[in-house]
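Number 607 marks the last residue of the sequence shown (my numbering); no jumps. Before any comments, here is the structure.
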Amino acid sequence: MALTETSLIERYFRAAGAQRSDVTLGIGDDAAILSVPPGSALVATTDTLVAGVHFPHGSPAASIGHRALAVNLSDLAAMGARPAWALLALTLPEAQEAWLQEFSAGLGALAQEYRVALVGGDTTRGPLCVTVQLLGLVPADAALKRGGARAGDALFVSGTPGDAAAGLALEQRRLEASRAAAEYLRERFLLPSPRVALGQRLREYASACIDVSDGLLGDAGKLAQASGVAVEVLFEALPVSEALRATLGDEGARRLALSGGDDYELCFTVPTANITQLHAQLPPAQWGYARIGSVRAGDGAHVLRDGTVMEFSHSGYQHFS
Ligand code: ADP
Ligand code: MG
287 MALTETSLIE
297 RYFRAAGAQR
307 SDVTLGIGDD
317 AAILSVPPGS
327 ALVATTDTLV
337 AGVHFPHGSP
347 AASIGHRALA
357 VNLSDLAAMG
367 ARPAWALLAL
377 TLPEAQEAWL
387 QEFSAGLGAL
397 AQEYRVALVG
407 GDTTRGPLCV
417 TVQLLGLVPA
427 DAALKRGGAR
437 AGDALFVSGT
447 PGDAAAGLAL
457 EQRRLEASRA
467 AAEYLRERFL
477 LPSPRVALGQ
487 RLREYASACI
497 DVSDGLLGDA
507 GKLAQASGVA
517 VEVLFEALPV
527 SEALRATLGD
537 EGARRLALSG
547 GDDYELCFTV
557 PTANITQLHA
567 QLPPAQWGYA
577 RIGSVRAGDG
587 AHVLRDGTVM
597 EFSHSGYQHF
607 S
């Protein structure tokens with residue numbers, strides 16, 4: 287590499303994230319030292335993005351940087367945690383300054399937005415691959431988990447799932463849309479918005495939560511399995527964006543909302559006794575979430591349409607073939 291590893295880190299990563307007083311020692315030594323406040327539990331997650339697997343080869347570098355952090359922020363959001371510190375393991379085929387500049391700007395902007403300090407990492411040469419480890423804080427014993435849903439709870443989802451899967455299909459030219467719809471949908475894939483604030487507020491109201499990364503129905507099924515219950519999704523209640531509806535029609539949009547990936551929304555359950563407070567404190571229109579169904583005794587994730595069970599394939603790809 288023309289750029290040495292040390293100057294690359296200095297130039298693009300030392301100042302990329304937020305400054306935090308709980309970073310006792312950041313980038314530069316063999317490891318970082320972080321101070322966890324008394325009464326808080328440390329919440330840790332990591333996710334890897336591999337070129338050609340998790341994003342198309344040639345994706346904008348700013349999007350790769352943004353998504354590498356966003357997918358981890360979404361995991362912490364689902365736990366109700368407040369993000370704090372990130373480590374970045376970056377494998378690059380070559381050190382291209384323009385690419386690094388864009389990548390660190392994309393990652394850095396999101397880190398600043400959520401006050402995440404970049405406290406270390408590793409830089410290696412090889413096929414493009416980005417791993418972020420993200421650490422956050424939650425009041426002791428207050429984290430949201432997948433396993434807390436009970437029969438009778440209401441089921442909710444944030445945002446408009448399906449948009450990101452359509453955005454990826456547009457990127458890969460497997461789908462066509464109007465210019466305005468395409469612009470919106472592609473941005474939902476390239477620059478997802480993790481629901482960090484919502485996740486933290488849901489600690490007060492929700493019984494269980496999962497982040498939607500592999501398709502709403504599949505992820506709702508994981509929540510159901512962890513909780514030992516069944517979830518029922520009402521097809522008519524699925525929130526879909528105008529752009530997705532204009533592109534795929536109402537039926538196709540709702541199907542993709544169930545099966546598409548890369549949404550980074552939250553799927554959560556709320557005991558009926560908490561719903562009035564939830565709606566009063568976090569107005570759904572303002573916070574961007576909607577009720578999509580219920581929890582009952584049983585197992586699995588089921589879709590109901592006009593009161594009858596709908597047979598449903600989990601694969602998103604069929605919609606564009
Ligand atoms: P080591 O030889 O211990 O692996 P490195 O030379 O890889 O150390 O890293 C030097 C410092 O820079 C360490 O503090 C490390 O955490 C940090 N670092 C390395 N790569 C990155 C990166 N891509 N982003 C942020 N910090 C990094
Ligand atoms: Mg190293």
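Glycine included, each C-beta is placed from N, C-alpha and C at the ideal position.
Per DSSP, the bridge partner or partners of residue i
i	result
aspartate 242	The requested residue 242 is not part of the displayed model; the chain covers only 287 to 607.
glutamine 419	Thr332 and Leu373
leucine 243	The structure shown does not extend to residue 243, since the chain is modelled only from 287 through 607, so no value can be given for it.
alanine 327	Val424
leucine 520	Leu590
isoleucine 319	Leu311
leucine 404	Ala372
leucine 378	Arg411
valine 595	Leu590
Spatial neighbours of residue i in its chain, beta-carbon cut-off 7 Å, leaving aside the 5 residues before and after
i	result
glutamine 486	Gly366 and Arg368
isoleucine 561	Ala440
glutamine 305	Ala403
arginine 540	Phe521, Leu524 and Val526
leucine 568	Arg487
arginine 489	Gly366, Ala428 and Leu430
leucine 393	Ala302, Gly351, His352, Ala354 and Leu355
proline 570	Ala576
isoleucine 295	Ile313 and Thr409
glutamate 291	Thr409
Spatial neighbours of residue i in its chain, beta-carbon cut-off 6 Å, leaving aside the 5 residues before and after
i	result
glycine 609	Shown here, the chain extends from 287 to 607; a query on residue 609 therefore has no answer.
methionine 287	With a pLDDT of only 48 at methionine 287, under 50, the local geometry of the prediction cannot be trusted, and the value read off the model is given with reservation. Same-chain partners within the cutoff: Ala381.
serine 513	Gly433, Ala435 and Ala494
alanine 468	Leu456
arginine 591	Phe521
alanine 301	none
arginine 474	Asp449, Ala450 and Gly453
alanine 330	Leu421
arginine 401	Ala304
For residue j and residue i, believed in contact at Cβ under 8 Å, the rounded distance
i	j	result
alanine 494	threonine 555	5 Å
glycine 443	tyrosine 575	Note on residue identity: the sequence assigns valine, not glycine, to residue 443. Between tyrosine 575 and valine 443 the Cβ distance is about 7 Å, and since that is below 8 Å, they are a contact.
leucine 530	leucine 471	7 Å
valine 517	alanine 583	No, valine 517 and alanine 583 are not in contact; Cβ-Cβ is about 11 Å, not under 8 Å.
glycine 351	serine 390	6 Å
alanine 523	glycine 579	7 Å
proline 413	threonine 377	7 Å
alanine 492	leucine 430	6 Å
glutamine 419	glycine 303	That pair is no contact at about 13 Å.
leucine 484	leucine 552	6 Å
threonine 417	threonine 332	6 Å
alanine 363	proline 480	5 Å
glutamate 388	leucine 289	Not a contact, Cβ separation roughly 15 Å.
Host beta strand (DSSP E) of residue i (start-end)
i	result
aspartate 427	No beta strand (DSSP E) contains aspartate 427, which DSSP labels as neither H nor E.
glycine 586	586-591
Contacting residues, own chain, Cβ-Cβ under 8 Å from residue i (five flanking each side not counted)
i	result
serine 499	Val357, Ser360, Asp505, Gly547, Asp548, Asp549 and Tyr550
aspartate 536	Val526
leucine 320	Asp308, Val309, Thr310, Ala370, Trp371, Val405 and Leu421
leucine 328	Val322, Leu421, Gly422 and Leu423
threonine 558	Gly438, Asp439 and Ala440
proline 379	Arg411, Gly412, Pro413 and Leu414
phenylalanine 341	Leu335, Ser349, Ile350 and Arg353
alanine 426	Gly325, Ser326 and Ala327
alanine 543	Thr446, Pro447, Gly448, Leu502, Leu524, Pro525, Val526 and Leu530
phenylalanine 299	Ile313, Leu374, Ser390, Leu404 and Gly407
Span of the alpha helix (DSSP H) around residue i
i	result
alanine 391	383-399
isoleucine 496	Unbroken run through isoleucine 496 is the beta strand (DSSP E), 494-498; no alpha helix (DSSP H).
alanine 337	Run containing alanine 337: none; DSSP gives neither H nor E here.
arginine 306	From DSSP, arginine 306 is part of no alpha helix (DSSP H); its letter is neither H nor E.
arginine 541	528-545
alanine 363	347-364
leucine 477	Run containing leucine 477: none; DSSP gives neither H nor E here.
glycine 485	482-488
leucine 237	Given that the chain is displayed from residue 287 to residue 607, the structure contains no residue 237 and the question cannot be resolved.
tyrosine 298	291-298
proline 570	570-573
leucine 454	449-457
Evaluate the contact criterion for the stretch 580-591 versus the stretch 506-523: three or more CB pairs, one atom per stretch, below 8 Å. yes
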